[in-house]
Every structure is written in structure tokens, then in C-alpha cells.
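As C-alpha cells, the structure follows; a few thoughts come after it.
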Amino acid sequence: MRQMTYTRKLDYDGYVVHGYNGDFRDCVGDADFKPIQMKLAKADEMSEERQEESWNHILETADSDLFGDLDQADFTENYAAIVKGKRPDWQLSAFRVSVGIIELFYNNIETKDYAFLWVTSNHGTVKLKFECAKNCFGFKPTYCVNCYRDQTDIEEDLGYIRNDVTLKLKDPKKADDNLFHDHNTIIEITEYAGI
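The numbers in the sequence shown follow numbering that gives the first Met the number 0, run straight up by one, and end at 194.
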């Protein structure tokens, strides 16, 4: 097994995972994408009641530029059910991670609508697990995201390679410049290959 650690700066889009064969910003409307499954990181160990409490805690911080948009009423009125996976017509097509925040992108496979929202770690740690469709190697990439106020950790398992990823602010004094910390994020990666 090979192990290597390196650091990079992230620009505008940050850390994005999507099920589209192209730029994730083009995955709108009738785009052909493979949906991403999302659940609470420890859902298998929780009762249904505890899962509901955890989702509600996370969704207390949900926000979107679309909230209040009458053209997106279905999404904005039902976003909690959509995020919890109770609306199969709305499918997660991408997620973007930054320090203290996760942005979720959804496509409605029936109406071809496209919407997004974000959740933050303002009320405590957000822990979510994402599973993508099988890749060309036959593996289902998984991403366990632990979102804290001052950093975000991601355990990335691509099947043939595993990465421990940490996103931090390059300049913490500029933490409030913008919500997604564009141009103010560094990423530290420890890569394990040949596992």
C-alpha cells in the first residue's frame, strides 16, 4: 500500500461530488445523471425516532436562495421530506462541501425542476454519508462527511483508493467573507492506494 499526504488550495467550487458526466453546474433539468444516496452517518445504529431527531437537528440550519421563490414551491415547501429521502421524485444529483457547510443539489425526475439548499454546522456537527452509483471499476464510491464549524472532514472510499480529507480555512480572519469560503479554503489529503 502507498500512503501520501499533500495540501492544496481550493478555488470557487471547492469539493464537489456529482453523478453527472460533465460539469456539475450543467446537471439541471433533464440532465442524465446517476443519483447519489444520502443518509445519516450512523443511521444503521439509530432507532427511527433518533434518526428523525438527527434529521430535524440538521434541517434547523437549512437555507437556500430559493426559499420564498414561488416557482420552486414544491421544493421549498417539502425540502425536509426531500432531504430525508421521502420524495423519490426529487433525487440528489450533487453535493458540495466546504468548511462548516454542505450544499445539496436536487433534480426532480418528473418535472425536470432543479433546486438546491445547504445545511451548516451552526447547531453542532453534521455527519452524513453519501453513496454514489457504481463506477467503471465496479465500486460504489462512498463519502462520510463530518462537518464542524472550523473544518470539515471527509472519509472518501473509492474502492481501490481511500482518502482522509480535511477542509480548513486558509485565513480564519476571513471566515465571514462568504458562506462557502470561496478562495479561502485549503484541503489536506492523506491518500492510501493499493488497498
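Ideal placement from N, C-alpha and C gives every residue a C-beta, glycine not left out. All of these numbers come straight from a predicted model, not from anything done at the bench.
For His56, the uninterrupted alpha helix (DSSP H) run begins and ends at 47 to 58, by DSSP. Restricting attention to Leu178, Gly193, Ala114, the CA atom closest to the CA of Leu65 is found in Ala114.
Take the alpha-carbon of Ala132 and the one of Thr184: they are about 28 Å apart. For the pair of segments examined, the region 101 to 115 was found to touch the region 82 to 93: the number of CB pairs separated by less than 8 Å reaches three. Boundaries of the beta strand (DSSP E) harbouring Asp152: 150 to 156, taken from the DSSP string. Counting along the chain, the unbroken beta strand (DSSP E) around Glu102 starts and ends at 100 to 107. Residue pairing from DSSP places Arg161 in a beta bridge opposite Asp156, Tyr191. Counting C-beta pairs closer than 8 Å gives fewer than three between the region 75 to 88 and the region 123 to 142, which falls short of the contact rule.
One alpha carbon belongs to Met45, the other to Thr124, and they sit about 16 Å apart. For Asp149 and Ser97, the gap between their C-alpha atoms comes out near 10 Å.
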